Amino acid sequence: MSISKLTPSSSDSAKPKINWARVDEADNFANTVKLYRQGKYDEDSFRRFRLQHGAYGTRMTSDYAMVRVKLPAGEIYPKQFETLSRLSEQYSIGSAHFSTRENIQLHWVVLEDVSEIFRSLAEVGLTSREACGNSVRNVMCSPLSGVCSDEKFDSTPYALATAKFFLRNPMAQSLPRKFKFNFTCCEKHGMVRMVDVGLIPEIQQINGSEQKGFKIFLGGGLGNRSFIGHQLEDFTPEEDLLYTSIAVMRIFDRLGDRKNLARNRMRYLVNDMGWEKFQNLVLKERAIVRATQSVVTKLKVDTTPDKITRPLKISDESGSSVPDGYARWLKTNTMKQKQSEYYSVFITLEAGDITSNQLNSMATLIREFSSEGKARSGFVQNVALRYVHEDDLVKLYSKLLETGLAKSGGLTMTTPVGCSGTTSCNLALTNSHRLAKEIQRKFLELKLDEDEDLTDSSIKISGCPNSCAQHGIATIGFFGGGGRLGKDMYPNYQMSLGGRFDADTTLGQTCLRVPAKRVIPVILKIIEMFKENKQSGDTLKSWIHRIVNDSEDSNIKSVGDIKKVLEPIVVPPTKEDDPDFYLDYGSDTSYHTKTGKGECAA
Amino acid sequence: MCSLTEAVKVTTDIDSLRSEIRDKSVRVIDVRREGDYKQDHIPNSVNLPLATLLSDDSPERVLKLVNSLGIDDETPVVVYDDTFGALASRVAWTLEWIGHSDVTLLETTFGNWKSLGLEIDSLTPEISNKEHSMNLQSNILATSDYLESAKLRDDVILIDNRERLNYLEQHIPGAVNLPYRTLSSNDGILRPKEDMKRLFDNRGISGDSEIITYCGSVGTLSGLAYYALKSTGIPNAKLYVRSFKEWKNLEKPTDKQADANYWDLSAE
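Those protein sequence lines, which keep their order, are chains A and B.
This note's numbering puts the first residue of the first sequence at 589, with every later residue one more than the last.
This note's numbering puts the first residue of the second sequence at 50, with every later residue one more than the last.
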């Protein structure tokens, strides 16, 4: 047998279809930083420039930046993982951070080093361009698109084409505010009604032939004030996807509020104007766009199917034993794909954090286990390894154990979303990031991931009202703030209940303020109440849903009833009785709120 | 000192070393532990474990060690390790310090040398003692006293080569952070010269300043940085060889990045 037959299969031949990078942007960025440091660039212009290139500010310092690398449609390839691994060690804190919008972030980067990161990213086709600032942010796609059994067709090529069309597009360089597209696979996996433009693939029979298109939702969004998106029309055929996107952006560009930064996302425009009026404007504008755009203005949708090749195993220790915890992990971290024999495996991270070693391991795992030769970033700060053959799952689990990536509960409530909070964000009031990790560790210890009643619920924690962790659509959501007893401050969270992001997308209802150190007991108490009052077939999510919709008739009928039960738990003790109560997670100095200037609206 | 920024040769490439070994025109020092060395090493190399050097690195002791390795003033020396060049750098720097001018680092690690399938050996060569002179180069050494006064000067840049989290948590006031991993390339212990220059240039690190490097305890990571600086022709680099460990023991002032829980962002 020749050597070449022994080498692993061609899974690494899966190469990124699109090169998102431009290496000259690295030089340009380096020069601009120099001019800025020499005082030849004013603060505001520099900030806009920096954000346009994907470098966000860092908590209480102008020396560091956070580089937000976009993964359009969530796709990430082995070589890209390896590069990110190296970059995290060289320029960041030895780890990287998956966001809720399919970006991967490098924090605490010296501003002067940012251009070096751009240079390396360009070698593997990645960019952070327009990952921040008033531009079209990373275009998301469901991590299950292409493998979901409920989807009408795979929307990934459309997400990629949309991202490609708007990246560096002059019409998207100076919008009133950031602008977000989410593509999904199906209603259940959701996330399309809480974003500027949300799209679900749809097929209609038109004159006896199948026509691909989308259900498009506009004007949703989470933040200081959140709104649910509205469906534009029954069905938008695929030829109209680009025209509709351009029309919506043109209206936003023209009418969006450029003065009042606190309320200039498109959802405010839709809300102020009223949906019907906005809807009419979009339909009229689209007619104009359709009539006036050049015929060459098209989405370049590449629907060539990906090659699916199961990686060859050189040495197969078949008959190797099944490691402890496998069944639990299989149940809570994997999903059957519509392609028979294949699974999608969700890698659980703690609040999105991944070490440089683990980033490197991900490259190897893709090569050894994914028949599509790439991975997808998910909706909840996680990574999906898809097209894993069912016969390879045990072996994959063993490999995950070796690299600390085998945590169970990935698709359950035990893996909360936590934004970066006071670990690096200027706006944060609390350490939401660490709280998410604390909850996860506690709940895994209690084996709550195995409780089927809790699987479809979610916990999401933001460090301030600005919703980066999407707390508004969580079953149990939290956002941070400061509490006070006399002169003493303590970290506190506003808790909301009953949010969802599926076909019945709802914003959670405010329940009560919960001190940071009481969050875990409060959640456990809610679970206890649910267990006492649940009906057969209930999950925590369905029970809470009935409560927020006033259709529950057990002892607990309303959010107010839940509040009453919880109130005794959240009473602050005095500092003398419980000094720890006054410290935030991860901190040994007394708590005080401290924020810098936000850059979401720069 | 000449202020011209002339790039100095700080590494020896693999091919050159192989031919120098064949010519027997070089003394190769392996700084790994004795056990590792005994198992296999680059042919004809001698062993000077870093720990042996560090147990007493007074000039007199170092001179004895150098003599026993058969090195005189004229012997070209190449040093290697299996620790991304940091341990080798510390040894090379010490030779420079006692006045040996012809010392370079192997451009790669022993691990990489092996994986390339290059020749290895387990024999220990017979070495006869030589006489090296003592010509202490105190201009490449920074002591804590020196550092304390020098860092007040505008033309001095102090570089901390530890990892970012360690730096954020605690560092010498005024230091800038350049983690040692930024200095290497994919296959070399140091970046190519142009790459290295660009990195330093972005950071405002140039030959116009005196540069002092330090790291956690014994000057290994910062030793590598010393050679990184030299590789771009920066003429005036000094190693604060006792580094942050001594600084803290002396209870000198330190700084930290306040008001942020950066540790909680790391995935440890």
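Just so you know, even glycine gets a beta-carbon here, dropped at the ideal spot from N, CA and C.
This one's a predicted model, so the numbers in the text were calculated from it and none came from an experiment.
Residue i to residue j span [Cα, whole Å]
i, j, result
"Gly-134(B)", "Tyr-1078(A)", "48 Å"
"Asp-121(B)", "Leu-114(B)", "11 Å"
"Trp-608(A)", "Glu-175(B)", "58 Å"
"Ser-193(B)", "Ile-208(B)", "14 Å"
"Asn-1121(A)", "Val-1147(A)", "14 Å"
"Glu-978(A)", "Gly-642(A)", "39 Å"
"Leu-278(B)", "Gly-713(A)", "30 Å"
"Met-589(A)", "Thr-897(A)", "Bear in mind that a pLDDT of 32 at Met-589(A), under 50, signals an unreliable position, so the number given afterwards is only what the model happens to contain. Their backbone Cα atoms lie some 21 Å apart in a straight line."
"Met-854(A)", "Phe-767(A)", "8 Å"
"Gly-801(A)", "Asp-822(A)", "10 Å"
"Leu-989(A)", "Ala-316(B)", "16 Å"
"Pro-825(A)", "Glu-631(A)", "45 Å"
"Leu-857(A)", "Cys-1056(A)", "21 Å"
"Arg-1029(A)", "Leu-118(B)", "55 Å"
"Ile-664(A)", "Gln-640(A)", "22 Å"
"Val-884(A)", "Lys-776(A)", "36 Å"
"Ile-91(B)", "Ser-1050(A)", "55 Å"
"Val-95(B)", "Thr-620(A)", "50 Å"
"Arg-81(B)", "Ser-138(B)", "12 Å"
"Cys-51(B)", "His-1180(A)", "Since pLDDT at Cys-51(B) reaches only 42, below the 50 mark, its modelled position is unreliable, and the value read off the structure follows with that caveat. Rounded to whole angstroms, Cys-51(B) to His-1180(A) spans 54 Å at the Cα level."
"Lys-995(A)", "Phe-669(A)", "20 Å"
"Gln-867(A)", "Thr-646(A)", "38 Å"
"Val-889(A)", "Glu-690(A)", "20 Å"
"Cys-729(A)", "Ser-716(A)", "17 Å"
"Leu-594(A)", "Pro-604(A)", "With a pLDDT of 36 at Leu-594(A), under the threshold of 50, the predicted position of this residue should be treated as unreliable, though the coordinate-derived value follows. Answer to the nearest angstrom: the Cα atoms are 25 Å apart."
Where residue i meets chain A, residues with beta-carbon distance less than 7 Å
i, result
"Glu-212(B)", "Gly-682"
"Gly-313(B)", "In the sequence under discussion, the amino acid at residue 313(B) is Asp, which differs from the Gly named in the question. Correct list: Thr-1011, Asn-1019, His-1021, Arg-1022 and Gly-1174."
"Leu-248(B)", "Glu-704"
Own chain residues within Cβ distance below 7 Å of residue i, not counting five before or after
i, result
"Pro-666(A)", "Asp-600, Ala-951, Ile-954 and Arg-955"
"Phe-753(A)", "Leu-830 and Leu-887"
"Leu-97(B)", "Ile-78, Val-80, Leu-114, Leu-118 and Val-140"
Chain-order list of residues whose beta-carbon lies under 6 Å from that of residue i (same chain, five-residue window excluded)
i, result
"Ser-1008(A)", "His-1021"
"Glu-1140(A)", "Arg-1134"
"Asp-72(B)", "none"
Under 9 Å from the C-beta of residue i: neighbouring residues of chain B
i, result
"Lys-1182(A)", "Asp-308"
"His-685(A)", "Leu-314 and Ala-316"
The ligand COA heavy atom lying under 7 Å from the CB of residue i
i, result
"Lys-995(A)", "Of the ligands one can find in the structure shown there are none, so the ligand COA has no counterpart to examine."
Contacts of residue i in chain B (Cβ-Cβ under 8 Å)
i, result
"Glu-938(A)", "Ala-316"
"His-695(A)", "Tyr-311 and Leu-314"
"Ser-1008(A)", "Leu-314"
Amino acids of chain A, ordered along the chain, whose beta-carbon sits closer than 9 Å to that of residue i
i, result
"Tyr-263(B)", "None at all; the shortest Cβ gap to chain A is about 17 Å."
"Thr-231(B)", "Glu-677, Gln-678, Tyr-679, Asp-701 and Glu-704"
"Arg-252(B)", "Val-698, Glu-700 and Asp-701"
"Asn-226(B)", "Val-698"
Partners in chain B for residue i, counting only beta-carbon separations shorter than 7 Å
i, result
"Ser-942(A)", "The identity of residue 942(A) in the sequence shown is Ile, whereas the question assumes Ser. Those within 7 Å of Ile-942(A) in chain B are Ala-316."
"Arg-647(A)", "Asp-308 and Ala-309"
"Ala-618(A)", "Asn-251"
Proximal residues to residue i (C-beta, below 8 Å), its chain only, five neighbours per side dropped
i, result
"Ser-592(A)", "Residue confidence for Ser-592(A) is low, a pLDDT of 33 falling below 50, so the modelled location carries little weight; the figure read from the coordinates is stated next. Answer for Ser-592(A): no residue qualifies."
"Asn-161(B)", "Asp-236"
Contact between the segment 56-68 of chain B and the segment 156-165 of chain B (3+ Cβ pairs under 8 Å): yes
Minimum length 3: unbroken beta strand (DSSP E) runs contained in the segment 950-1018 of chain A: 963-965 and 971-977
Meets three-Cβ-pair contact criterion under 8 Å: the segment 620-630 of chain A and the segment 647-664 of chain A: no
Sufficient close CB pairs (3 or more, under 8 Å) joining the segment 801-821 of chain A to the segment 771-788 of chain A: yes
Inter-stretch contact at 8 Å, needing at least 3 Cβ pairs: the segment 675-692 of chain A / the segment 223-237 of chain B: yes
Cβ contact check for the segment 257-274 of chain B and the segment 164-178 of chain B: 3 or more pairs under 8 Å: no
The segment 739-750 of chain A in contact with the segment 938-945 of chain A per 3-pair CB rule at 8 Å: no
The segment 991-1007 of chain A in contact with the segment 912-930 of chain A per 3-pair CB rule at 8 Å: yes
Length-filtered (3 minimum) beta strand (DSSP E) runs lying within the segment 69-152 of chain B: 76-79 and 126-129
Whole beta strand (DSSP E) elements within the segment 774-861 of chain A, 3-residue minimum: 785-794 and 797-806
Cβ contact (3+ pairs, closer than 8 Å) linking the segment 958-976 of chain A and the segment 909-919 of chain A: no
Cβ contact check for the segment 247-257 of chain B and the segment 692-703 of chain A: 3 or more pairs under 8 Å: yes
The segment 1166-1173 of chain A in contact with the segment 1070-1085 of chain A per 3-pair CB rule at 8 Å: yes
Alpha helix (DSSP H) runs contained entirely in the segment 663-736 of chain A, provided each spans 4 or more residues: 666-679 and 702-711
Every unbroken alpha helix (DSSP H) inside the segment 192-266 of chain B [4 residues or more]: 193-199, 213-218 and 242-251
Any alpha helix (DSSP H) of 4 or more consecutive residues that is wholly inside the segment 865-945 of chain A: 914-921
Cβ contact (3+ pairs, closer than 8 Å) linking the segment 810-817 of chain A and the segment 837-847 of chain A: no
contact_flag[the segment 1144-1161 of chain A, the segment 1093-1112 of chain A] where n(CB pairs < 8 Å) is 3 or more: yes
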